[in-house]
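One structure is given here, and the rest of the page talks about it.
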Amino acid sequence: TGAISRHDYRPPAWLVPETRLVFDLDPAATRVTATLSVTRNDASGDPLRLDGAGQRPLAVRVDGVAIDDWRIEGEQLVVPLAGDAHTIETEVEIAPERNTQLMGLYASGGILCTQCEAEGFRRITYFPDRPDVLSRYAVRMVADAARYPVLLANGDPVAAGTLDDGRHWAEWNDPFPKPSYLFALVAGDLAVNRGQFTTQSGRGVDLGIWVRAGDVEKTRHALHALELAMAWDERVYGREYDLDVFNIVAVDDFNFGAMENKGLNIFNSRYILADPDTATDYDYDAIAAVVAHEYFHNWSGNRITCRDWFQLSLKEGFTVYRDQGFSADQGSAAVKRIEDVRGLRAAQFPEDAGPLAHPVRPESYIEIGNFYTATIYNKGAELIRMMATILGPQAFRAATDLYFTRFDGTAATCEDFVACMEEASGRDLTQFRLWYSQAGTPRVAASLSHQAGDGRATLRLAQHVPATPGQPDKQPMVLPLRIRVFGAETGRALGDEQLVLLDEAASTIVFDGITERPVLSVNRGFSAPVIIESDRSAADLAFLSAHDDDPFARYEAMQQLMLDTLVATTIEGRPDNDAVITAVANTLDDRTLDPAFVAEAVLLPSEGFIGDQLAMVDPEAIFRAREGLRRALGLRLADRWRDAYERAPDGPYVYSPAAKGHRRLRSVALGYIAASGADDAATIAFRQFERADNMTDRQGALGTLANGYSDEREAALDIFYHRYAGNSLVIDKWFQTQALSSRDDTGRLVADLARHPDFTLANPNRARALVGAFGANQRAFNAADGSGYRFLADQLIALDKLNPQTAAKLLPPLARWRRFDSDRAALMRGALERIVATPGLSKDVFEQASKSLG
Ligand code: B3K
Ligand code: ZN
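774 is the number that the UniProt record's numbering gives to position 759 of the sequence shown; each next residue is one higher, with no gaps.
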């Protein structure tokens, strides 16, 4: 199957200290001339092997002389070389306008741009396209001056000029050696929003965000976020920017969020463009987070890169941890933690529990593009967080300083990072390393008993890591658990918080001075990415939801209470909702709480997360249980929801943590008003929709209406569509909102939308907005007749012909088949088998589909 194994890593036989690239840019035929200085790196005597994909060499020269003893093996260009240092020149021709994969050099809305991570550079020119070959790049671009007035590449601009024939040229040099995946160029008719940043050592940096002329006003938030991120990285990690310019370009066609190319980040426009009329609070937050993430890569990724792609989490896990810290510092750290944990549970826990589970440092892959996963990114970030918790802030900072100093300018491994954590702290992390090699989410049983006569409490902890593909037996992991005990009568903490390092299969912890019945608060702040199985009663969870002094633990207690209730209702069908209703009422009544926190705390767990708790997912029963509880909450707390809805202060839109919290609580309250079945719910929602002066309120109302069957629903969807015709990011919301609807006929409506003139698979954002969102709609996607599975498979097969990487990302909902009844499981397997049997299937989709069949 062409799988690549971590253990087969060998250092490169040849290095490329210098690379000079000349691009004669044209959408139909771009000529690329590459001049590489190559030096032998081992005694093997191996020929030079350069990766390529989809092109043929038009010429190969060695030390200035054309040769013809080169050969093509697979897609590699093999050049026999006698000496230890040579200059290799190749010429190829590529067609950016025909590049639908959006890897390599491609065209997006008239802009020529590149995407090279992980293995896109080989689609541009022949090169050892692996992250441990670091080279200094000099780039010359020649292009039509009218069509492509702006020419950008990595590093600093060095020269530019015009030619007689209407073309012009620009040269850029990047002084920092970098792997090929960080190469970038952009040519287009772009306008810029410029900023200035002075680093802590006094270096002036010209910042530029480049977009279509009409979009410049929408880049202010991104530019501000960039300035905040640059200052934050200096303050928190001591990391300073190192070039004279930092450019960001936004394009509409992009396979993922953004890319950290040295000095020239290229972004999906959805993570740059925002104004209150078109972007939600969620979008604003995501823009700041992604801008910061890509900027932070300048150190965690670019100055220190990965030795091989098995080390991907070295840069991604660490950089997610860094961007999470940045976002936490911009507003409510508690709410940010809640959002991050919710995201981990929505995406990473299911991955870790299914056929696509893999360790944070994988052992093998067929297509590396499939490993840009929630496990590498988000679980990887949790590993860094655990080390930071174990070391404490000072030792952690000393360890990151050591890492940045020692490995600057090199391609490093996860092991190098952990070794720095050990060296700077004096701690032994031998057993902790299992987090990098063992897949699966650990389960921790926690049971607290009270020996009233002795004034003692005993906590029994036991851990179990479930089997995952290729890993039947697991060893106990190191789990840092923040724990505190509260008194059920007084509501007071009984002693300080403790950090317990559970590193054995089972362990017992004794608490003294426990004079009243104790209630356990465990894994506070979600200090370890595990599933806690505790025997705490509904009453104890309700107690914690009101009294715990850790906001995350309060949220968590409420979630657990809701989850226990919903799971019981799903299985037994007889709801007992009282404890949840009381706890939600108490939370709504507590005026000391941040509205943003309240909004998160009163939200029910998703249908998908409820399903993940069950051995067999019954999507209809889960939907009924959840809707039943929503309705009961809506009815029993009707006055409180109205009050919460009205309470938000009126006034023009501002983007601030407080204003965001009010808007969030308002839209959650609106959801409960609608869930209660109130006669005026659609009227209220429609009024909000019409009067909103911002997209958060407008889309919140639209989402509520889209779940129902009112006339207002059709009116609102229509108004929304026409108001934003031509604004592709907002039209994506229009598709997505309908694909996420809880209506009974969503499957049919989504199939109709796939035939809408504005639907196209060629644009990844649009494909994700409809097909991706539908895959996340547990009830609609899992329709008993298999129509959802057929739809997804049809779209995925069609998309694979254009863009394998984005197609493969749509597949995971089908991988859950083992969790469903035999009828649904057979239908899902049928869809997967049909995908695997498709002639000409990409290896991206083949890997995901064949592994899913297991
Ligand atoms: N490093 C890129 C992701 C590249 C994905 C390639 N399949 C963006 C990021 O994580 O910052
Ligand atoms: Zn990243």
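Virtual Cβ for every residue (Gly too), placed ideally from N, Cα, C.
All of these numbers come straight from a predicted model, not from anything done at the bench.
1) What do you get for R209, buried or exposed, if any count of 16 or more other CB atoms within 10 angstroms of its CB means buried?
2) Am I right that T585 and A640 are in contact with their C-beta atoms under 8 Å? What's the rounded C-beta distance?
3) What is the DSSP secondary structure of V93, counted as helix, strand or coil?
4) How is the beta strand (DSSP E) around E186 delimited, first residue to last?
5) Can you find a heavy atom of ligand 2 that lies under 7 Å from the Cβ of T102?
6) Are L117 and D268 closer than 8 Å when you measure CB to CB?
7) Look at the Cβ atom of L829, then the Cβ atom of S857, and state whether they are nearer than 8 Å.
8) For a test of your reading of the model: does the CB of Y336 fall under 7 Å from any non-hydrogen atom of ligand 1? Yes or no.
9) From this set, Y252, A58, P854 and L807, which residue's C-alpha is nearest Y418's C-alpha?
10) Kindly indicate the opening and closing residues of the beta strand (DSSP E) around I596.
11) Which value, in whole angstroms, describes the spacing of the CA atoms of N601 and Y451?
12) Comparing C-alpha positions only, which one of L559, P481 and E519 sits nearest to R499?
13) Does T505 pass the burial test, meaning 16 or more other C-beta atoms within 10 Å, or should it be called exposed?
14) Using 7 Å as the cut-off, classify the Cβ of E397 as near or not near the heavy atoms of ligand 2, replying yes or no.
15) Please classify N385: does DSSP put it in a helix, a strand, or coil?
16) Quick check: I381 and A647, are their CB atoms within less than 8 Å of each other?
17) Expressed to the nearest angstrom, what Euclidean distance is found between the alpha-carbon atoms of F526 and G676?
18) Which one of P62, K193 and A782 has the shortest CA to CA distance from D84?
19) On the three-pair Cβ rule with 8 Å, is the segment 455 to 463 touching the segment 475 to 489?
20) Who are the Cβ neighbours of F198 in its own chain at under 6 Å, not counting the five residues just before and after it?
21) Any heavy atom of ligand 1 closer than 7 Å to the beta-carbon of Q820?
22) Which same chain residues end up closer than 6 Å to R76 when comparing Cβ atoms and leaving out the 5 residues on each side of it in sequence?
23) Alpha carbon to alpha carbon, how far is L36 from Y152?
24) Is H308 close to ligand 1? I mean its beta-carbon at under 7 Å from any heavy atom of the ligand.
25) Ends of the beta strand (DSSP E) at L127?
26) Taking the DSSP output, what are the residues bridged to N283?
27) Taking the DSSP output, what are the residues bridged to Q466?
28) Answer yes or no: the CB of E382 versus the heavy atoms of ligand 1, is any distance below 7 Å?
29) Is C435 near A414, with beta carbons less than 8 Å apart?
30) Find the nearest neighbour of A554 within the set P374, S328 and N592, judged by alpha-carbon distance.
31) Quick check on DSSP: helix, strand or coil for M156?
32) Write down the C-beta distance between Y299 and H236 rounded to the nearest angstrom, noting that I regard them as a contact closer than 8 Å.
33) From residue 870 to D179, what does the alpha carbon distance come to, in whole angstroms?
34) Counting C-beta neighbours from all protein chains within 10 Å, is the total for S536 16 or more, i.e. buried, or is it exposed?
35) Only counting the same chain, and skipping five residues up and downstream in sequence, which positions put a Cβ closer than 7 Å to that of V786?
36) Taking the alpha-carbon positions, what's the E33 to R55 distance?
For this structure:
1) Within 10 angstroms of the beta-carbon of R209 lie fewer than 16 other beta-carbons, which makes it exposed.
2) So it is a contact: roughly 4 Å between Cβ atoms.
3) Strand at V93.
4) Looking at the DSSP string, the run of the beta strand (DSSP E) that includes E186 is R182 to K193.
5) No.
6) Closer than 8 Å, so yes.
7) No, Cβ-Cβ distance for L829 and S857 is not below 8 Å.
8) No, the beta carbon of Y336 sits no closer than 7 Å to any heavy atom of ligand 1.
9) Ranked by Cα distance from Y418, the first of Y252, A58, P854 and L807 is Y252.
10) I596 -> not in any beta strand (DSSP E); alpha helix (DSSP H) instead, spanning D593 to D604.
11) Taken atom to atom, the span from the alpha-carbon of N601 to that of Y451 is near 41 Å.
12) Comparing Cα-Cα distances from R499 to each of L559, P481 and E519, the minimum goes to L559.
13) That one is exposed.
14) Judged by the Cβ position, E397 fails to qualify as a neighbour of ligand 2 at the 7 Å threshold, every heavy atom of the ligand being at least this far.
15) Three-state result, N385: helix.
16) One thing to note: I381 has its Cβ no nearer than 8 Å to the Cβ of A647.
17) A straight-line Cα-Cα distance of about 38 Å links F526 and G676.
18) Selection P62, K193 and A782 evaluated against D84 yields P62 as nearest (Cα-Cα).
19) Yes: at least three Cβ pairs fall under 8 Å.
20) Around F198, the same chain offers C131 and F136 as residues with beta carbons nearer than 6 Å, after the five sequence neighbours per side are excluded.
21) Between ligand 1 and the CB of Q820, the shortest heavy atom gap is smaller than 7 Å.
22) These residues qualify, in order along the chain: E104.
23) Approximately 8 Å, taken between the alpha carbons.
24) Correct: H308 has its Cβ closer than 7 Å to ligand 1.
25) Counting along the chain, L127 sits inside the beta strand (DSSP E) bounded by residues I126 to Q130.
26) N283 is bridged to V266.
27) R471, per the DSSP bridge assignment.
28) Short note on E382: C-beta not closer than 7 Å to any heavy atom of ligand 1.
29) In this structure, C435 sits near A414, with a CB-CB distance shorter than 8 Å.
30) The alpha carbon of A554 has as its nearest neighbour, out of P374, S328 and N592, the alpha carbon of N592.
31) Taken through DSSP and simplified to helix, strand or coil, M156 comes out as strand.
32) Y299 to H236, Cβ: 6 Å. Contact.
33) Only positions 16 to 869 of the chain appear in the structure, and residue 870 is not among them; the question remains open.
34) Residue environment analysis places S536 among the buried positions, since at least 16 neighbouring C-beta atoms fall within 10 angstroms of its C-beta.
35) If the five residues before and after V786 are omitted, its C-beta is found closer than 7 Å to the C-beta atoms of L807, Q810 and L825, all from its own chain and listed in chain order.
36) Cα-Cα distance, rounded: 13 Å.
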